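Chains as they are written, first to last, in our numbering: chain A, 1 to 112; chain B, 1 to 673. Yeah, the Cβ is synthetic: ideal placement off N, Cα and C, and Gly gets one too. Because the structure is a prediction, the values reported are computed rather than measured.
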Amino acid sequence: MAFKAEEVDGVLIISTPHTDLDASKAGEFKDTVGLMVAGHPKVAIDLGEIGFMDSAGLGAIISVCKAVRAGGGQFRVFGLTEAVKSLFDLVRAHRLFEVFADRESALRACRD
Amino acid sequence: MAGVGPRSPEEKLDFLTAAMDAALDGIALVGADLRFEYVNAAFCRLVGHERGEDLIGRPAADFFGEDDVRVAAGHVTEARGEGRPEVFEMSLHAKDGRTVPAEVSISTLRRDDGQPHVFLAIVRDVTERKQAEATLRFKNALLETQREASIDGILVVDSAGKMISFNRRFVAMWGIPDEVIASGSDDRALQSVTDKLVDPQGFLARVRYLYAHREEMSRDEIPLRDGRTFDRYSAPVIGADGTHYGRVWYFRDITKRKQVEEALQRARDEAQAARARDVEIGARIQQTLLLSPPPTAAADFQVAALAVPSWGIDGDFYEFLLHPNRCLDIIFGDVMGKGVPAALLSAGTKTEFLRSLAHLLVGSPRGYIPQPADIVNRVHQVLTPHLLGLDSFVTLSYVRFDPPAGKVTLVDCGSTKLIRRAGDSGRIDSLAGFNLPLGVAASEVYAEATFDYAANDLFVLCSDGVTEARNPAGEEFGLERLRDLIAHHTDLGCQRLAQAISEAVTGFVGSRSLADDLTCVVLKMIEVQVDDGRLSGDELEVASHPKELRRIRAFVRGYCEGRGGCGMGEHELDSVELAVSEAASNIMRHAYHGRTDRRILIGIDAGGEVLKVQLTHDGDPFANGEQISDPLAEGAWESGFGLFIMREAVDRVDYGEDKLGRQYIRLSKRVRA
Numbered sequence: 001m002a003f004k005a006e007e008v009d010g011v012l013i014i015s016t017p018h019t020d021l022d023a024s025k026a027g028e029f030k031d032t033v034g035l036m037v038a039g040h041p042k043v044a045i046d047l048g049e050i051g052f053m054d055s056a057g058l059g060a061i062i063s064v065c066k067a068v069r070a071g072g073g074q075f076r077v078f079g080l081t082e083a084v085k086s087l088f089d090l091v092r093a094h095r096l097f098e099v100f101a102d103r104e105s106a107l108r109a110c111r112d
Numbered sequence: 001m002a003g004v005g006p007r008s009p010e011e012k013l014d015f016l017t018a019a020m021d022a023a024l025d026g027i028a029l030v031g032a033d034l035r036f037e038y039v040n041a042a043f044c045r046l047v048g049h050e051r052g053e054d055l056i057g058r059p060a061a062d063f064f065g066e067d068d069v070r071v072a073a074g075h076v077t078e079a080r081g082e083g084r085p086e087v088f089e090m091s092l093h094a095k096d097g098r099t100v101p102a103e104v105s106i107s108t109l110r111r112d113d114g115q116p117h118v119f120l121a122i123v124r125d126v127t128e129r130k131q132a133e134a135t136l137r138f139k140n141a142l143l144e145t146q147r148e149a150s151i152d153g154i155l156v157v158d159s160a161g162k163m164i165s166f167n168r169r170f171v172a173m174w175g176i177p178d179e180v181i182a183s184g185s186d187d188r189a190l191q192s193v194t195d196k197l198v199d200p201q202g203f204l205a206r207v208r209y210l211y212a213h214r215e216e217m218s219r220d221e222i223p224l225r226d227g228r229t230f231d232r233y234s235a236p237v238i239g240a241d242g243t244h245y246g247r248v249w250y251f252r253d254i255t256k257r258k259q260v261e262e263a264l265q266r267a268r269d270e271a272q273a274a275r276a277r278d279v280e281i282g283a284r285i286q287q288t289l290l291l292s293p294p295p296t297a298a299a300d301f302q303v304a305a306l307a308v309p310s311w312g313i314d315g316d317f318y319e320f321l322l323h324p325n326r327c328l329d330i331i332f333g334d335v336m337g338k339g340v341p342a343a344l345l346s347a348g349t350k351t352e353f354l355r356s357l358a359h360l361l362v363g364s365p366r367g368y369i370p371q372p373a374d375i376v377n378r379v380h381q382v383l384t385p386h387l388l389g390l391d392s393f394v395t396l397s398y399v400r401f402d403p404p405a406g407k408v409t410l411v412d413c414g415s416t417k418l419i420r421r422a423g424d425s426g427r428i429d430s431l432a433g434f435n436l437p438l439g440v441a442a443s444e445v446y447a448e449a450t451f452d453y454a455a456n457d458l459f460v461l462c463s464d465g466v467t468e469a470r471n472p473a474g475e476e477f478g479l480e481r482l483r484d485l486i487a488h489h490t491d492l493g494c495q496r497l498a499q500a501i502s503e504a505v506t507g508f509v510g511s512r513s514l515a516d517d518l519t520c521v522v523l524k525m526i527e528v529q530v531d532d533g534r535l536s537g538d539e540l541e542v543a544s545h546p547k548e549l550r551r552i553r554a555f556v557r558g559y560c561e562g563r564g565g566c567g568m569g570e571h572e573l574d575s576v577e578l579a580v581s582e583a584a585s586n587i588m589r590h591a592y593h594g595r596t597d598r599r600i601l602i603g604i605d606a607g608g609e610v611l612k613v614q615l616t617h618d619g620d621p622f623a624n625g626e627q628i629s630d631p632l633a634e635g636a637w638e639s640g641f642g643l644f645i646m647r648e649a650v651d652r653v654d655y656g657e658d659k660l661g662r663q664y665i666r667l668s669k670r671v672r673a
């Protein structure tokens, strides 16, 4: 997977490619993104291209979140597709990290 | 005769002289002065003179020894006095120095006035008689010595029932009283010993029988009340001319020999009983440990096994291993040799197979089953050095039937071929490899061969005790005869076919006692027609690889969308898709432990008001009804969501095992019909 990273106003925004984040990709996501976010105080993940996510994908995101927070940073996700939103609703993922509808609202939250 | 006799005194004298010269005995006339007055030709021959004239006038004492002269003089004196012949023995001294034993009869011829005129001596050469007497004395002495020196008691009874000879040993053995011995009566002797016998009536009856049947010989053992046992031998005494003189009895005390024999027999009996017990125990061990019962509840095949040992215990063994993925392994082996050593080696070989299998499984992902060749090579590495040391070897077939794949894998270690009868055509063929038996070459690397099979195919494994069985003419039963038999009996089930093979071989050999072990396994693949709980809708079978998850989801979505969403909205369809994906992931990670070469069968059916998706696998089972808690509430962040998501995404999650022994996860979601 080719992840894209950009820094906007001190916030590292990671964009995922168009894919399903399931057990076949979760490991790669966790390893790659984990390296990309290392040391960044503010991280936001764009999940807009994730057509499907299962518990393995969710576990990968949680793993990255924990790494960021372990360094004192902030972690946010945004741009959920319907399928991913269904999963997040199902497991009440908002209790784990902040979820925003889009990029702007996520950056705004980072600035506040 | 009267008309031809001599007439004149001269004629009479000539006649008498001729007559005396013709006599066989020597004749001499000795005058009162004890000098020869006449000798005949025979006398001349006795003393070694050719002419009688040479002796006339010579003193008779010249021809006798000094002692004999005195003896002869005494007899002559007696002859003078008594007037009757005196017979005595004496020795003559011949001219050539020989001494001739002679019997001499001297008569006195008297004048008319009664005065002795001349002595008539008739002399007979008794050399031969003397020699015969000496020989007889020697033989008698020899016989006497033999009789008394014999370890046997000897009794000779004449035809009249009188004891004519016996030795001291006979008397001592039987303890016969002196007065009975003195009487010489065999009857009294018999009566005197009856109280010593265990079976006096039988003893006497036998004696009477032998006396009545003079020509018979006999040998009997006679038990005595005091614990002794006599060996009795009896034979008739028959002269060279066929004259029957009586019967001889030999008695020998064989008490110690009998005791030793009985002790030896007891030891033999005990040893035989011990061996029989060993064989029985060994046979039971073989039946229970070496010859494992074939599986009876397998849905993919029927299988039967039959073993007819040649010596009660043999070196044949077989093992059946039914794996969770429905594969069946058959280890079919034969250790060289027979009896307990072969059985022990079989047990060791079989144990090594199970140990090697366990060794290969340890540390492997759960659900992984080692390949037959890997197992055999592992056993080979461990076992062959020992087999080479023992100078033994093992022929073996390791066969794996894989019903899900429809394949049979064979590692052939010098064993009799695996015979297959095609279920559709009935064609017979033999599957075989080219490996050496185990224990022959340390450098051997065992290879496996894989073949396809179809439902109703039948397989037969036989020991060489089948193909190499020989009939009385030395002809082998052979592989062709076995193939024909299998081809012919298409109507028989596995068990009956195994029995038919056994009966054919024993009938061919012509005996129930086989020279070699007869062992066979018959297996028939059957068409699975059972209610396995499969759904009646669509099916998809995929490998247990995470990359297949997308395909699984696409299959579920495609099925539902093809049926108008099956009454579900997009959100509900997402949930079903998510639950199915979670179920498949769980199977890959937990049931198959990450193995990617296993299979998952996904069935889906939207009949009625419930959408059902069933994921079937051959991996480890999941616990049904396990309490699933909210992973967030438990603080477990990165994992533990799968089961929770499944439960939340659909209405019902069931775990179970179908009738083929496979595990399944069934997801059910109520939909609008």
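- Closer than 9 Å to the CB of B/LEU345 there is not a single CB belonging to chain A.
- With a threshold of 16 other beta carbon atoms within 10 Å, B/VAL47 meets it and is buried.
- B/THR194 counts as exposed, since fewer than 16 other beta carbons sit within 10 angstroms of its beta carbon.
- Under DSSP, B/TYR453 shares a beta bridge with no residue.
- Interface with chain A (9 Å Cβ-Cβ cutoff): B/MET588 is included.
- If you draw a straight line from the Cα of A/VAL8 to the Cα of B/PHE644, it comes to about 37 Å.
- Judged by their CB atoms, B/LEU396 and B/ILE331 are nearer to each other than the 9 Å cut-off.
- For the segment 541-562 of chain B, the residues whose beta carbon sits under 7 Å from a beta carbon of chain A are, in order, PRO546, LYS547, LEU549, ARG550, ARG553.
- Secondary-structure assignment with DSSP links B/ILE222 through a beta bridge to B/PHE230.
- Against chain B, the beta carbon of A/GLU82 has neighbours under 9 Å at GLU570, HIS571, ASP574, listed in chain order.
- Cβ contact annotation for A/PHE52 (same chain, cutoff 6 Å, sequence separation greater than five): ASP20, ALA83, in chain order.
- Excluding the 5 residues flanking it on each side, B/PRO59 has same chain C-beta neighbours closer than 7 Å at LEU34, ARG35, in chain order.
- Going by DSSP, B/THR416 is part of no beta strand (DSSP E) at all; its letter is neither H nor E.
- Against chain A, a Cβ distance below 7 Å from B/SER581 picks out ASP22, ASP54.
- Contact with chain A is absent for B/SER668, since none of that chain's Cβ atoms lies less than 9 Å from the residue's Cβ.
- Within 8 Å of the CB of B/SER585, the CB atoms of chain A belong to ASP22, ALA23, ASP54, SER55, ALA56, in sequence order along the chain.
- When the beta-carbon positions are compared, B/ARG129 and B/VAL104 stay at least 9 Å from each other.
- The Cβ neighbour count for B/VAL362, taken over all protein chains shown within 10 Å, is under 16; the residue is labelled exposed.
- When the beta-carbon positions are compared, A/ALA106 and A/VAL77 come within less than 9 Å of each other.
- By the C-beta density criterion, B/GLU352 is buried, having at least 16 other C-beta atoms within 10 angstroms.
- Exclusion of the five residues before and after B/VAL100 leaves LEU46, SER91, LEU92, ALA94, ASP125, THR127 as the residues of its chain whose Cβ lies within less than 7 Å of its Cβ.
- Think of a sphere of 9 Å around the beta carbon of B/LEU578: the chain A residues whose beta carbon falls inside it are PHE52, MET53, ASP54, SER55, ALA83, SER86, LEU87, LEU90, in chain order.
- Judged by DSSP in its simplified three-state form, B/MET525 adopts strand.
- Cβ contact annotation for A/LEU87 (same chain, cutoff 6 Å, sequence separation greater than five): MET53, in chain order.
- Fewer than three beta-carbon pairs drawn from the segment 400-408 of chain B and the segment 378-387 of chain B are found closer than 8 Å, and the two stretches are therefore not classed as touching.
- The alpha-carbon of B/ASP96 is positioned some 29 Å away from that of B/LEU16.
- The beta carbons of B/VAL335 and B/LEU321 sit about 19 Å from each other, so the pair does not count as a contact at 8 Å.
- Judged by DSSP secondary structure, B/PRO101 falls within the beta strand (DSSP E) whose first and last residues are 99-110.
- Under the criterion of beta carbons closer than 8 Å, B/VAL613 and B/ILE604 qualify as touching, at roughly 5 Å.
- As for any beta strand (DSSP E) of minimum length 3 sitting wholly inside the segment 568-614 of chain B, the runs are 599-605, ordered along the chain.
- Spanning the alpha carbons of B/LEU523 and B/LEU482 requires a straight line of approximately 15 Å.
- B/ALA543 has B/ARG599 as its beta-bridge partners, per DSSP.
- In the pairwise beta carbon analysis, the segment 141-151 of chain B is classified as not touching the segment 109-120 of chain B: fewer than three pairs are separated by under 8 Å.
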